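For what it's worth, full-length UniProt numbering labels the leading residue of the sequence shown as 1, then goes sequentially. Where a beta carbon is used, it is the ideal one built from N, C-alpha and C, also for glycine. Treat the numbers as computed from the prediction; the structure is a model and nothing was measured. For reference, the structure is listed below as structure tokens.
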Amino acid sequence: MSDWLHNLPVPAMALVIFGFTYLLAATVFAAIALVATEERAKALKAISPGMLPVLGIIFGLFVAFTAAQVWGDSDRAGTAVSREASALRSAVLLAAGLPAEQEAKLRGLVRDYVSQAVTVEWPEMAHQEASLKATPPALAEALQLVVATTPQGRGQETAQREIVAALEQALDARRQRIIVSLASVNSVKWWCLYLQALCELLVIGFVHCDNRLGSAIAIALFATGVATSVLLIVAHDRPFTGQISISPEPLRQIMPEASAKP
1 MSDWLHNLPV PAMALVIFGF TYLLAATVFA AIALVATEER AKALKAISPG
51 MLPVLGIIFG LFVAFTAAQV WGDSDRAGTA VSREASALRS AVLLAAGLPA
101 EQEAKLRGLV RDYVSQAVTV EWPEMAHQEA SLKATPPALA EALQLVVATT
151 PQGRGQETAQ REIVAALEQA LDARRQRIIV SLASVNSVKW WCLYLQALCE
201 LLVIGFVHCD NRLGSAIAIA LFATGVATSV LLIVAHDRPF TGQISISPEP
251 LRQIMPEASA KP
């Protein structure tokens, strides 16, 4: 699925998906109505209605497996953002144990990192363009600052150790959210899902080919179920893309003055 569809508002996304699915269903209905002449109708009716539940179950399994991937990616993305915000908040709180100059500088570096994450990385993740090639300069500098600080007493030594651990955890959480931002349902799964739906639509049409009204109703109902399933998956397919996406609000909250909304 392309960027333009994922970035549509949910109502517009629904219009596109339902429109395409109903067009597919209408094409199937028209093709069967054209082919099912009086002689051929008997041959088409010979197809066992027992195929309907089998194909329906297979389609349901396809939807379940695809949805499981989407929900898993969404959960991992939310967890990564929460971990990152929590780690940065811990670093900011523990900075009070450092000398005043280092504390102020560390807070400023965390603010710079949050600002970059919100204004630069989030739009990149929305377009699946974020990269792990470079370490965020602000966070790398913060680590270097803390490591280079000479602790005065046990308290500062403990604070230094905990801040380093918190910053490393923030870096790891950032890596996780960027990795998850690159995940999506691939085109092979979408083709298989719609091909299975097409098979079910064809069998519905064949079984009811002698009853145009019944066939139209059955095809329309199944097409509605297909479109609803696809809409649900597409709306949540990319955790950081679209109207229903994970926002950087947890990062904004730990440093409210760090950045403005993108």
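Please name the residue, chosen from C209, P239, A218 and A223, that lies closest to R40 on a Cα-to-Cα basis. Translated into positions along the sequence shown, residue 40 becomes position 40. Nearest C-alpha to R40 among C209, P239, A218 and A223: C209.
What would DSSP say about I50, mapped onto helix, strand or coil? On the sequence shown, residue 50 is found 50 positions in, with the first residue counted as 1. Note on residue identity: the sequence assigns Gly, not Ile, to residue 50. Of the three classes helix, strand and coil, the one that applies to G50 here is coil, per DSSP.
Span separating the alpha-carbon of K105 from that of C192: As a first step, residue 105 is located in the sequence shown; it is residue number 105 there, counting from the start. As a first step, residue 192 is located in the sequence shown; it is residue number 192 there, counting from the start. One C-alpha to the other measures close to 54 Å.
Where D3 falls, given that 16 or more other Cβ within 10 Å makes a residue buried: As a first step, residue 3 must be located in the sequence shown, where it is residue number 3. When all chains shown are included, D3 counts as exposed.
Would a C-beta distance cut-off of 8 Å place W122 and P239 closer than the cut-off? Your numbering for residue 122 matches position 122 in the sequence shown. Your numbering for residue 239 matches position 239 in the sequence shown. Taking 8 Å as the Cβ cut-off, W122 and P239 do not qualify as a contacting pair.
Can you tell me which of V10, S74 and F222 puts its alpha carbon nearest to the alpha carbon of L24? What you label residue 24 is simply residue 24 of the sequence shown in a count that begins at 1. If we check each option's Cα against that of L24, F222 comes out closest.
Indicate whether V180 and R76 have their beta-carbon atoms separated by less than 8 Å. Here residue 180 refers to the residue found at position 180 when the sequence shown is read from its first residue. Here residue 76 refers to the residue found at position 76 when the sequence shown is read from its first residue. Contact flag set, yes.
Take every Cβ of the region 30 to 39, pair it with every Cβ of the region 231 to 246, and state whether three or more of those distances are shorter than 8 Å. With the cut-off at 8 Å, the region 30 to 39 and the region 231 to 246 do not touch.
Nearest to S48 (by Cα), restricted to the options Y22, G97, V207 and E141: Mapped onto the sequence shown, residue 48 falls at position 48. It is V207 whose Cα lies nearest to the Cα of S48.
In the DSSP assignment, find the alpha helix (DSSP H) that holds T224 and state where it starts and stops. For the purposes of this step, residue 224 is taken as residue 224 along the sequence shown, with counting starting at 1. Taken as a continuous stretch (DSSP letters only), the alpha helix (DSSP H) holding T224 covers R212 to D237.
Rounded to whole angstroms, what is the Cα-Cα separation between T149 and Q176? As a working note, residue 149 is residue 149 in the sequence shown. As a working note, residue 176 is residue 176 in the sequence shown. Cα-Cα distance, rounded: 29 Å.
Counting pairs of Cβ atoms below 8 Å between the region 124 to 132 and the region 141 to 148, do you hit three or more? Contact fails: fewer than three Cβ-Cβ distances are below 8 Å.
Taking all protein chains shown into account, do 16 or more other C-beta atoms lie within 10 angstroms of the C-beta of S74, making it buried, or fewer, making it exposed? In the sequence shown, counting from the first residue as 1, residue 74 sits at position 74. Per the 10 Å Cβ criterion, buried.
Cutting at 8 Å between CB atoms, please list the residues of its own chain near V81, excluding the five before and the five after it. If you number the sequence shown from 1, residue 81 lands on position 81. So the qualifying residues of the chain are A173, R177, I246, P248, P250 and L251.
Work out the CA separation of S187 and L5 for me, nearest whole Å. For the purposes of this step, residue 5 is taken as residue 5 along the sequence shown, with counting starting at 1. For the purposes of this step, residue 187 is taken as residue 187 along the sequence shown, with counting starting at 1. Take the alpha-carbon of L5 and the one of S187: they are about 14 Å apart.
Compare the beta carbon distance of A95 and E101 with 8 Å and say whether it is the shorter of the two. Position 95 of the sequence shown, counting from 1, holds the residue named residue 95. Position 101 of the sequence shown, counting from 1, holds the residue named residue 101. No.
When DSSP labels each residue in this structure, what does V10 get in the three-state scheme? The residue you call residue 10 lines up with position 10 of the sequence shown. The answer is helix: DSSP assigns V10 an H, G or I state.
Take the Cβ of E200 as the centre, count every other Cβ of all protein chains shown within 10 Å, and call the residue buried at 16 or more, exposed below. Translated into positions along the sequence shown, residue 200 becomes position 200. Answer is buried; the Cβ neighbour count reaches 16.
Suppose you measure from the CA of Q160 to the CA of S115; what does that come to, to the nearest Å? Translated into positions along the sequence shown, residue 160 becomes position 160. Translated into positions along the sequence shown, residue 115 becomes position 115. A direct Cα-Cα distance of roughly 24 Å separates Q160 from S115.
Could you tell me the boundaries of the alpha helix (DSSP H) in which A96 lies? Translated into positions along the sequence shown, residue 96 becomes position 96. In the DSSP assignment, A96 falls outside any alpha helix (DSSP H) and carries neither an H nor an E.
Since V70 and V185 should fall inside the 8 Å C-beta cutoff, what is the C-beta to C-beta distance between them, to a whole number of angstroms? Position 70 of the sequence shown holds residue 70. Position 185 of the sequence shown holds residue 185. With a beta-carbon spacing of about 7 Å, V70 and V185 fall inside the 8 Å limit used to define contacts.
Where F59 falls: helix, strand or coil (DSSP): Looking up residue 59 in the sequence shown gives position 59. Correct three-state label for F59: helix.
Which runs of the alpha helix (DSSP H), 4 residues or longer, sit entirely within the region 109 to 168? Correct list: 122 to 126 and 137 to 148.
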